[in-house]
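Residue numbers (my numbering), protein chains in the order written: chain R, 3 to 54; chain B, 2 to 396.
Written below as structure tokens is the structure these notes are about.
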Amino acid sequence: MQKYRCTICNYIYDPAIGDPDGGIAAGTPFEKIPDSWVCPVCGAAKADFEKV
Amino acid sequence: MSSIEIKPQVYWVGAVDWAVRAFHGHTYTTQRGTTYNSYLIRDEKIALVDTVYRPFAREMIEHISTVVDPAKIDYVIANHVEIDHSGGLPMLMKLCPKAKVVGTQKCRDGLFKHYYENWDFQIVKTGDSIKLGKRTLKFIEAPMIHWPDSMFTYCPEEQLLMPNDAFGQHLASSERFADQVDQCALWEEAKKYYANILWPLGTVISRKIEEVVKMNLEVSVIAPSHGLIWRRNPMQIVQQYAAWAKQETSAAAVIVYETMWKATEKMARRIAEGISDAGVPVKVYNIAEADRTEVIADMLQAKGFLFGSSTHDNDMLPAIAGFLELVKGFKPRNRLVSAFGSYGWAGGAVKEIEEAVKEAGMEVSLPPLSFRFVPDQTELQKCFLFGRSFGELLK
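So, in structure tokens, the structure goes:
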């Protein structure tokens, strides 16, 4: 599945891992994450991510 | 400087650092020194908003003591983890045993990883507030303005916004308010500060400004953590940030070069004449000698960048290479860029510059210009025409 990078802090969202602390289960594609989700490292918005 | 009342029962109790010239390592040149601003609010409960850099902790405590006994402090608001604002915490917290530290979750984590102290900590989020008596402190999380932990503190009763590292300037002064100092120095330092610290965070800043504007906060004073306090038309700095955040540029050029035996410098000077001849203002910096912090500030709103280097070991020279690495981190957008330089046998510098420019997310808008050894009159004329073409592109 497609990974995405936070353009603010370079954190990589890996769908295989998800973001369990942020309420995103492993296996969730980036597109299915709610828009209110923020980067777990720096707090940037979902809109600040780009495809790796 | 002693404590100064900036609003009824709100005091500046920070410190002026007249001496500092190199800030966080050598990444920022503070030619005019700086201040670490800490604010004390005296109500039924007593709150301190931010502290100072550790070497100034004692001075801050002396300033607090002119207003209240530090032991009476109930809350220490930590808007930001960074040492220049949290460094006073360890000494202060020993003097105020009942005080709670207040900040974001990331602030708590970050402070622990600096000081390894288990202070009583209250985690707050956007919308949370603390009642001090007549006054309230409201919190607005501001992640990546400019660290993940960053937060703004707002006191509605005094219409006072304390946004920590947003809207500041590195400017030491005996005055505390922006309208009391030389306006050229003030704005020069505000721009330097934005360019060198906040430039890559424009999208985050634009959104945060929109969000805060929607909150309809009444703001009559903006009290940042560095430099002067904005009390006369305080929104002017917010509007300026909004413009910078959009990466709005003007028809201006900045030439940054490094040279071995002055051939590349000759090219830089003739190119600058060409740009100027096109009616476009231009600044020229030899990056091995220039103040990086100042160059970055000039680049913030300039539409055109030209980078030059002699070829050395098939590559560009080290100071310009380091500078381009720095520029990459700022993620400049909407710029026109090219390269130039002198070489001896096989070139290389210009190609390496082009690659660095692309890696920084910018495009090369004009084919680079490169000459062997010392440029002759014909070649210098080509430099002039290259500059003029570049100037025309910027208009």
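The C-beta atom is built at its ideal place from N, Cα and C for all residues, glycine as well.
If you measure between the beta carbons of residue i and residue j, is that distance less than 8 Å?
| i | j | result |
| --- | --- | --- |
| S174/B | L229/B | yes |
| Q106/B | I124/B | yes |
| M163/B | A224/B | yes |
| K284/B | R336/B | no |
| G392/B | G280/B | yes |
| Y40/B | V53/B | no |
| G104/B | M61/B | no |
| G309/B | M268/B | yes |
| Y155/B | L301/B | no |
| L307/B | I256/B | yes |
| S207/B | A246/B | yes |
| F341/B | V328/B | no |
| I276/B | F324/B | no |
| N165/B | D51/B | yes |
| V338/B | E364/B | yes |
| K46/B | E159/B | no |
| G111/B | D150/B | yes |
| H64/B | S4/B | yes |
| I397/B | A243/B | Any answer about residue 397/B is impossible in this case: the structure gives chain B only from 2 up to 396. |
Under the DSSP definition of a beta bridge, which residues are partnered with residue i?
| i | result |
| --- | --- |
| M152/B | E142/B |
| N163/B | It should be pointed out that residue 163/B corresponds to Met in this sequence rather than to Asn. DSSP output for M163/B lists T154/B as bridge partner(s). |
| V103/B | I78/B and Q123/B |
| C8/R | F51/R |
| A254/B | V283/B and G305/B |
| R18/B | The sequence given here has Asp at residue 18/B, not Arg. T35/B. |
| T137/B | K132/B |
| D110/B | Answer is none; D110/B lacks a bridge partner. |
| V358/B | BP columns for V358/B are empty, so no partner. |
| A23/B | T30/B |
| Y15/R | Y6/R |
| E259/B | S310/B |
| E6/B | Y12/B |
| D21/R | I26/R |
| L337/B | G305/B |
What is the DSSP secondary structure of residue i, reduced to helix, strand or coil?
| i | result |
| --- | --- |
| R271/B | helix |
| R43/B | strand |
| A350/B | helix |
| F308/B | strand |
| R389/B | helix |
| G34/B | coil |
| S343/B | strand |
| F374/B | coil |
| K192/B | helix |
| V43/R | coil |
| P368/B | coil |
| Y116/B | helix |
| P201/B | helix |
| Y242/B | helix |
| L394/B | helix |
| V53/B | coil |
| D316/B | strand |
| A291/B | coil |
| P71/B | helix |
Here's the rule: buried if 16 or more other CB atoms are within 10 angstroms of the residue's CB, otherwise exposed. What is residue i?
| i | result |
| --- | --- |
| K193/B | buried |
| A143/B | buried |
| W262/B | exposed |
| D23/R | exposed |
| T67/B | exposed |
| R33/B | buried |
| S311/B | buried |
| V182/B | buried |
| D377/B | exposed |
| P1/B | Since the first residue of chain B shown is 2 and the last is 396, residue 1/B is not available in this structure. |
| E259/B | buried |
| Q4/R | exposed |
| N217/B | exposed |
| T379/B | exposed |
| S251/B | exposed |
| A361/B | buried |
| A79/B | buried |
For a contact defined as C-beta to C-beta under 8 Å, what are the partners of residue i on chain C?
| i | result |
| --- | --- |
| L202/B | This model lacks chain C altogether; the protein chains it does include are R and B. |
Note to self: Quick check: the segment 23-31 of chain B against the segment 22-40 of chain R, are at least 3 beta-carbon pairs closer than 8 Å?
What the structure shows: Touching, no, given that fewer than three Cβ pairs across the two stretches are closer than 8 Å.
Note to self: Would the segment 267-280 of chain B count as touching the segment 369-376 of chain B if we require 3 or more Cβ pairs under 8 Å?
What the structure shows: Yes: at least three Cβ pairs fall under 8 Å.
Next item on the list: Tell me, please, whether the segment 69-77 of chain B touches the segment 95-104 of chain B by the rule of three or more beta-carbon pairs shorter than 8 Å.
Entry: At 8 Å Cβ cutoff, the stretches touch.
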